[in-house]
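> Sharing a structure here in structure tokens format.
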């Protein structure tokens, strides 16, 4: 139901509730039976008739009718969850007779003001006709009071009343908690605080619950702050703040501080409790003030480690300290509160209304066909369950003969496809953690999976980098956490859903993570797939389309990984979550014990954002520069703890692209439909991806498992992607790191292995064939492995290594499709390179003559 329709229904219900309420309040029996005209009711003839019918039937319980209607109007107006309306209507239907029956048990006084307007004779008791029918105690005893007695009837109706409240989801528990909180605040004596304490309390900010935004919420009293400190998620700095407040109060009582209302001068320090430390104390001028920094507030939502208890000296044992210069506050862990609002889920298209038709006939027909197919081969099976998903239905079968081997049923996929007249059937033998075998059969009517219906199931407080992927074979949301995966490989043929899956993962992170929490490095060899994300504030560099710059970006990521590990070691933590949970003050304290400063770290900040490296077509990148595999393997092997994660996609999952090193370091893999079972085995180590349906049908191999899960990827429209991207662009501009695409930094490493020419890896200096290849290149103005093989009469592998070596030295450019490589430097540059390496040659050696002279 859209917003406009909700408002219309809310207004109509509210008007109807007011009409019914006024009809009841102004009702009198004279309007029906007496001489007073029927129009005497404020709501006219209709109001009089309506009031008469409700009061006669339900008695005082009729007042619940407008209350329930007003509650529904409020729920529609405030966009509460109104799922499962049948359950709520059932609760409302049970509510009225339960209340009428219980009210009818109450005694009716002759002077009861509630009955002054409603005649007792007409009412027949407080519960009306329904109450009399259930719990009447006169000669026409009620059904329940006669069968169970008055106490039994009261107990039964009370249970029905509680059931009705539960069905209506009224949140009574929340009401009682609010009432208890109000009574407690009224009963507890008010605490008198002085302005200085109030100022210190106002400085304390309680971090919001993870995933609820970036707004700050102040505490209102010292006692409230103390109560919240019992939560282990509150940083230890807040405890220091409370100690400061309490010490200040006790000092006021002892008249050791200026009187209430005066504030210390800027150069005076506020007395704080002394913390015992086993190491040499840090001078007071170097100690930062205890505070809950903005960095702790804006850090990614992680569970911080419990603070270690520190002995705090009693305030009574403290001697008055002379005023000392106030130390300057430490700089924030990152540039202050980032003014960024996460995109609303309303930017996504509403989930289509599914026609929940009855599919039992289809299930029964398919189940009988499955049993017949196995029966033809003398294998007795029984279909014990069938669970329908968006695209496939999973049938669970049990072998009637328990002595049969499970692998005997794995080869019946083709027979089932022929019998059912469909493709894409998959047999899972056995199902994980079950004693049955699963058979996944495509549905005749397939349902689309939208992103809007899945993002509601994401819990950002538990998933650091949530990726919304789709729904599994039985319809459950498939949501993964990239921080736990920790790297992902996506493979599949062209047009099977890889690009949509990549866009869904990027949009998932944009929906739940701010630019100061996650950064992207996007490598786009196709030049168009990721171009739409240009200028979003989450980028470290524009989408990279030059493969030379792609190599530089991966090398930069490796260097950043090493720098981050140095920072983690200096801080004494094991991963990025522990580092970000420290905060600025704690990090500086730990570094001070090692005689270090925050500025000494290459990562000079108390906050590390997560970095996601996305490569859209890994096979294309490998064809241009095979050295990138080393960088990717390094990242995949080591970067999880420091918060750098890699996502690779490829449409050519062959063994020379998805090598053993890549597979061993990327345990999480998604495979869409591929051309043959060999490609499926390369990606997933099992066959089956060649039988998928396409259009988002995929197999997902989760980390720590050996059996992939079948799922249907979600459908994400270009308009939805544009809405999310435009929302991000409208709030902030990207801050690019120039070092990410610094090609010169990579060129200094020679062949990509870290060896400079002339050192380890510089064996080319004494290779005369290599010098001859260079001379031939300049003489004929051509290059390439085939050219060198023909001119120098050498093997293909050696000729290929010469081309790669020239590219590493910067003399030829990268391969761009089928076009020949570009020669980037001149012959004089080659001679200068030789001289700089100390190369010598004899006079008259033709190998080192100018090729221009040889042309003549």
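Numbering (this note's numbering), first residue to last: 16 to 871. Yeah, the Cβ is synthetic: ideal placement off N, Cα and C, and Gly gets one too. Because the structure is a prediction, the values reported are computed rather than measured.
#1: Excluding sequence positions up to five away, which residues of its chain have a Cβ less than 6 Å from the Cβ of residue 409?
#2: Compute the Euclidean distance between the alpha carbons of residue 435 and residue 657, then round it to the nearest angstrom.
#3: Around the C-beta of residue 571, are 16 or more other C-beta atoms found within 10 angstroms, so that it is buried, or is it exposed?
#4: Leaving out the 5 sequence neighbours to the left and right, which residues in its chain are closer than 7 Å to residue 158 when beta-carbon positions are compared?
#5: In whole angstroms, what is the alpha-carbon distance linking residue 43 and residue 111?
#6: Taking the straight line between their C-alpha atoms, what separation do you get for residue 108 and residue 19?
#7: Mapping the DSSP letters down to three states, classify residue 549 as helix, strand or coil.
#8: Check residue 14 in the structure and name its three-state DSSP category.
#9: Grouping DSSP H, G and I as helix and E and B as strand, with all else coil, what is residue 589?
#10: Considering only DSSP beta bridges, list what residue 33 is partnered with.
#11: Does the distance from the CB of residue 818 to the CB of residue 685 come in under 7 Å?
#12: Should residue 534 be labelled buried (16 or more other beta-carbon atoms within 10 Å of its own) or exposed?
#13: Does DSSP put residue 730 in a helix, in a strand, or in coil?
#14: Should residue 591 be labelled buried (16 or more other beta-carbon atoms within 10 Å of its own) or exposed?
#15: Mind checking residue 27: buried by the 16 CB within 10 Å criterion, or exposed?
#16: Over what stretch of residues does the alpha helix (DSSP H) that includes residue 786 continue unbroken?
#17: What first and last residue would you give for the alpha helix (DSSP H) that runs through residue 182?
#18: My understanding is that residue 69 touches residue 80, with C-beta atoms under 8 Å, so please give their C-beta distance in whole angstroms.
#19: Among the candidates 406, 474, 443, 413, whose CA atom is the shortest distance from the CA of residue 461?
#20: Note down the Cα distance separating residue 31 from residue 84, rounded to an integer number of angstroms.
#21: Taking Cβ positions, are residue 688 and residue 711 nearer each other than 7 Å?
#22: Which of the three DSSP states is assigned to residue 768 in this structure?
#23: Within this structure, are the beta carbons of residue 800 and residue 788 separated by less than 7 Å?
#24: Candidates 749, 169, 803, 790: which alpha carbon is nearest residue 529's?
#25: Checking 7 Å against the spacing of the C-beta atoms, do residue 10 and residue 498 come in under that value?
#26: Three or more C-beta pairs under 8 Å: does that hold for the segment 537-544 against the segment 606-614?
#27: Using a Cβ distance threshold of 8 Å, determine whether the segment 439-453 contacts the segment 464-478, with at least three qualifying pairs required.
#28: Can you tell me whether residue 157 sits near the ligand COA, meaning its C-beta is under 6 Å from at least one heavy atom of the ligand?
#29: How many Å lie between residue 630 and residue 82 at the Cα?
#30: Report the residue from 715, 753, 396 whose alpha carbon sits nearest the alpha carbon of residue 507.
#31: In the structure shown, what three-state DSSP assignment does residue 274 receive?
#32: Spell out a yes or no on whether the segment 419-436 and the segment 736-748 are touching, meaning 3 or more CB-CB pairs, one atom from each, closer than 8 Å.
#33: Go ahead and pull the three-state DSSP assignment for residue 819.
#34: With burial defined as no fewer than 16 other Cβ atoms inside 10 Å of the residue's Cβ, what is the status of residue 544: buried or exposed?
#35: With DSSP run on the structure shown, which of helix, strand or coil describes residue 751?
#36: For residue 662, which residues does DSSP report across the bridge?
In terms of the structure at hand:
#1: 402, 453, 455, 488, 489
#2: 51 Å
#3: Its Cβ being crowded by 16 or more others within 10 Å, residue 571 is buried.
#4: Only 148, 149 meet the Cβ criterion.
#5: 22 Å
#6: 28 Å
#7: Residue 549: coil per DSSP, three-state reduction.
#8: With the chain covering only 16 through 871, there is no way to say anything about residue 14.
#9: coil
#10: Looking at the DSSP assignment, residue 33 forms no beta bridge with any residue, so it has no partner.
#11: no
#12: With 16 or more neighbouring CB atoms inside 10 Å of its own CB, residue 534 falls in the buried class.
#13: strand
#14: buried
#15: exposed
#16: 783-795
#17: 158-183
#18: 6 Å
#19: Here the closest residue by C-alpha is 406.
#20: 8 Å
#21: no
#22: Annotation note: pLDDT 39 at residue 768 (below 50); position unreliable, no value reported.
#23: no
#24: 749
#25: Only positions 16 to 871 of the chain appear in the structure, and residue 10 is not among them; the question remains open.
#26: Counting Cβ pairs under 8 Å, fewer than three are found: no touch.
#27: Result no; under three Cβ-Cβ pairs closer than 8 Å.
#28: The model depicted lacks the ligand COA and carries no ligand whatsoever.
#29: If you draw a straight line from the Cα of residue 630 to the Cα of residue 82, it is about 58 Å long.
#30: 715
#31: Because the pLDDT of residue 274 is 40, which lies under 50, any placement of that residue in the model is unreliable, and the number read from its coordinates should be weighed accordingly. If DSSP states are grouped into helix, strand and coil, residue 274 belongs with coil.
#32: no
#33: helix
#34: Buried: at least 16 other Cβ atoms inside 10 Å.
#35: coil
#36: 503, 629
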